[in-house]
Amino acid sequence: MYQQDILGIAPNNLRELFESLYKPYKTYMLFFFIFSGLIGLNGLVNSYLMKVIIDALTYIEGKTFSYKTVLWPAVFIVLNFELNNLSWRGINYINLRIAPLVRNKLISQAFEYIHLQSMHFFQESLSGSISNNITMLADNVEEIASRILPRLIRGIVHMVIALIATYFVNPLFSIALFVWAGAFTGVSLFFAKKIRSLADSWTKSQSQVSGHIVDSVMNFSSVKLFSQSQFELSLLQNSLNVMKQKFQTKEKFFLKFYFLQGLSVTCLVAYAVYLLIQLRMSNQVTIGDFAFILGMLLYFTENVWDFTEQIDILNKAVGKCNHSLKALYQPIEILDNPNANPLRIKEGKIKFENASFHYKQATPLFQHKSIEILPGQKVGLVGYSGSGKSTFVNLLMRLYDVIEGQILIDGQNIQLVTQESLHKAIVMIPQDPSLFHRSIKENILYGNPKATDKEVIEAARKANAHGFIMKLPQAYESHVGERGVKLSGGQRQRIAIARAILRNSPILVLDEATSQLDSVTENMIQGSLEELIKDRTTLIIAHRLSTVLHMDRILVFDKGCIVEDGSHNELLALNGIYKKLWDAQVGGFLPTTEVA
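Each step along the sequence shown adds one to the number in numbering that gives the first Met the number 0, with nothing skipped, and position 467 is 466.
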C-alpha cells in the first residue's frame, strides 16, 4: 500500500476507526443488531407467557379451565426459547465471519502505519510497548463490537419494552421504573468521565510494565553479564507498585459506586413488592400480573445493572483504545511529498547543499554545509564518537530531514522523491547487524526477495558465509534466533554482507562492516568487498583508519562539522585532527574522545 493510502485510512479517533473497519460489513452488522434485540426480548416474552399460563391455571370466577388456554402459551414459550437459541447462533456466525477479518485489517493497518514513522518514534517508544498497543487495540475493538455493544442493545430493548408492558398492567410501575432507571443511568453516565480517566491511568501503567519486561528481556545479556537481575527486578517492582496503586484507586471508586447502585436496586424492589401486595389485596392485579410484574422487575433491574456495568466496561475499553490510538497513530514526521517521484539514479552523485541540521533541543551538528561526492567515489568518514558521521549517513538516507538546505542525489532533492525508492537505491551494512528471527535464507533474501536459491548461495560465497552456513544443522534453513543471537557477531556481519551483495544498490554505506571479523576472515572477504564497492558510490564509516587508507577521499568530522577533506596522505600533511587520530589509534582503532 502506498504511503498516501496508508495515511488516508489512519483514524483520527475511535469512531473513525470503527467506521473504517465495519463499514464493509453493513448487512452483517444489521442482522447482528437484530439478533441482539431479539435476545433482549426473550425474557420479557417468557414472563408474559408465564403470566398467561398462571392466570389460566388460577381459578377465575365465571370461567372454566381449558387446556387450549395454556397450550398455545406453552408452545410459544418453546418457540421463544428456540428463537433465542437461533439468535445466539446467528451472532456466533456473524462473529465467525467478520471478527477475524476486522482484527487482521486493524493489525495490518497499524503495522503499516508505524513503519512509516521516523527513527525518532522508535527511539522514543519501547518495541514491547508498540507491540502491546497494537494487540491491546485489536482486543478491545473486538471486545466492544462482539460483546459489549450486543449486551447494551439487549439491555436497551429490554428496558424500553419493560416500561411499555408495565404501563399497561399499572402505570405506577412504569413510572417508578422510568424514574429509577433514569436516575440510575444518569448517575452512571455522570461518573463516566471519572471512570474513563481512572481506566486510562491504569492502562498506561500496564503498558509501562509490559514495556519494561520486554526491554529487560531483550537486553538479557547485559543483565546477566553485569549481574543486575535484582536491579531489573527492583525497577519492575516500582512499575508494578504504580500499577497496583492505579488499580486500587480505580477499584475503590467502583466499590463505592457499585454499593450505591445496589442500594438503589434494593429500594426499588422493596417499593415494587409493597405496591404489588397492595394492588393484589384490592384485586387490581391478578396472580399472573403479580408474577409478571415481579419477574419483569427482576429482569429489568438485572438489565439496568448489566447495562451500567457494560457502560463501565465500555469506558475501560474505550480508554484502552484511545491510549493505543494515541500511542500508535502519532503524526508522521517524515512524509513523502504528495508529488514525489521515484528516485532515478544514473551515476550516484551525492551533494549536500547549504544543509543544516540538529536533533530536537540539541546543539547543531551541521550548519549551512555544502559538500559534493562524485559518482563512484569511495569516501571514508572518520572522527571521534558523536562527531556526526552516523548523522551524515542518516540524513542521506532520510531517516531525518535537514532543517535548511537540501540533499541531492543525481540532482534530485531526496525530499522530493519517494522514500521507498531512496532506500532501494542505498544499501547499508551496519557495524552490528540485527537479523530477523527467521531462517538464514530468508535473512539473505531480504536484500532481494525475488532472488533465486543459486543467487542466494552465490552472495553467501562472496561474503565468505557459505562455509559456516553449510555446517549448521539445517544449512540455509537454520533459524538464527531473535536478532540473530544464535550466530556470532562475525557470522551476523557476513550474513548482512551477503544481503547487501544481493541487494545490488548503486550507493553503498558501510559502517565498519568488517570490524567484528577476525583477520583471516576479513582478508578472505576483502576481495568480495572490493568487488562490491566497484563502480558504486561508497561511504565507509571507519573505526579503524586502515579501512580508509586507500579511499579516494576521507572526510574528517568534529562536533558536527566536516573539518578536513582529502586523501590519507593529504590529511597527514595538514597535521590536523586526522593526524592526531592517526597517531593516537590503538590496535588499529580510533580513540572515542578527543586527543589533547
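Cβ coordinates follow ideal geometry from the N, Cα and C atoms, glycine included.
How far does the alpha helix (DSSP H) with residue i in it extend, from its first residue to its last?
i	result
Gly375	Here Gly375 belongs to no alpha helix (DSSP H), and DSSP marks it neither H nor E.
Ser384	Segment: none, Ser384 is in no alpha helix (DSSP H) and carries neither H nor E.
Gly181	170-189
Glu563	Where Glu563 is concerned, there is no enclosing alpha helix (DSSP H), although the beta strand (DSSP E) it sits in stretches over 560-565.
Phe435	Careful: Phe435 lies outside any alpha helix (DSSP H) and carries neither H nor E.
Ile496	488-502
Tyr24	Careful: Tyr24 lies outside any alpha helix (DSSP H) and carries neither H nor E.
Ala458	452-461
Phe248	Contrary to the premise, residue 248 reads as Thr rather than Phe in this sequence. 228-280 is the extent of the alpha helix (DSSP H) around Thr248.
Asp582	576-583
Met469	465-469
Around the C-beta of residue i, are 16 or more other C-beta atoms found within 10 angstroms, so that it is buried, or is it exposed?
i	result
Met0	Note on Met0: pLDDT 47, under 50, position unreliable in the model; the coordinate value appears next. Classification of Met0: exposed, given that the 10 Å Cβ count is below 16.
Cys266	exposed
Asp510	buried
Glu231	buried
Ala572	exposed
Met550	buried
Gly596	Any question about residue 596 goes unanswered here, given that the chain covers just 0 to 595.
Ser228	exposed
Glu563	buried
Gln525	exposed
His211	buried
Arg14	exposed
Ile494	buried
Ala182	exposed
Glu529	exposed
Asn574	exposed
Val216	exposed
Ala595	Note that Ala595 has pLDDT 45, beneath the 50 cutoff, so the model's placement of it is unreliable and no number is given.
Ile38	buried
Asp311	buried
Lys377	buried
His367	exposed
Phe306	buried
Gly586	For Gly586, the pLDDT reaches just 44, beneath the cut-off of 50, and the residue's location in the model is therefore unreliable, although a value from the coordinates is still provided. Counting Cβ neighbours within 10 Å, Gly586 comes out exposed, since fewer than 16 surround it.
Lys315	buried
Between which two residues does the beta strand (DSSP E) harbouring residue i extend?
i	result
Glu301	Note, Glu301: premise wrong, no beta strand (DSSP E); alpha helix (DSSP H) at 286-327.
Gln405	403-408
Lys350	349-356
Asp427	Going by the sequence as given, residue 427 is Met instead of Asp. Its beta strand (DSSP E) spans residues 425-428.
Ile539	536-540
Leu554	552-557
With DSSP as the reference, please indicate the residues paired to residue i in a beta bridge.
i	result
Gln411	Ile408
Phe365	Phe356
Val508	Met427, Leu538
Ile370	Phe351
Asn218	BP columns for Asn218 are empty, so no partner.
His114	None; His114 has no bridge partner.
His478	Ser438
Asn340	Val416
* **Any beta strand (DSSP E) of 3 or more consecutive residues that is wholly inside the stretch 67-93** => none
* **At least 3 beta-carbon pairs within less than 8 Å: the stretch 162-170 vs the stretch 326-333** => no
* Do the stretch 108-117 and the stretch 41-58 make contact, defined as three or more Cβ pairs closer than 8 Å? -> no
* Asked: Would you call the stretch 241-248 and the stretch 190-206 touching, i.e. three or more CB-CB distances under 8 Å?
  -> Enough Cβ pairs lie closer than 8 Å, so yes.
* Determine contact between the stretch 447-466 and the stretch 496-503, defined as no fewer than three beta-carbon pairs at a distance below 8 Å. => yes
* Is it a yes or a no for the stretch 340-348 touching the stretch 391-411, going by three-plus beta-carbon pairs under 8 Å? -> Judged by Cβ distances under 8 Å, the stretch 340-348 makes contact with the stretch 391-411, as three or more pairs qualify.
* Are three or more beta carbon pairs between the stretch 29-37 and the stretch 81-91 nearer than 8 Å? -> yes
* Determine, using beta-carbon pairs with one atom in the stretch 267-280 and one in the stretch 88-104, whether at least three such pairs fall under 8 Å. => The answer is no - the stretch 88-104 does not touch the stretch 267-280, with fewer than three Cβ pairs under 8 Å.
* Does the stretch 430-441 come close enough to the stretch 371-391 to have 3 or more Cβ pairs within less than 8 Å? -> no
* Is it a yes or a no for the stretch 306-322 touching the stretch 140-150, going by three-plus beta-carbon pairs under 8 Å? -> yes
* Are the stretch 249-259 and the stretch 19-26 touching by the rule of at least three beta carbon pairs closer than 8 Å? -> no
* Do the stretch 463-472 and the stretch 399-408 make contact, defined as three or more Cβ pairs closer than 8 Å? -> no
* To do: Would you be able to state if there are at least three C-beta pairs under 8 Å between the stretch 292-304 and the stretch 39-55?
  => yes
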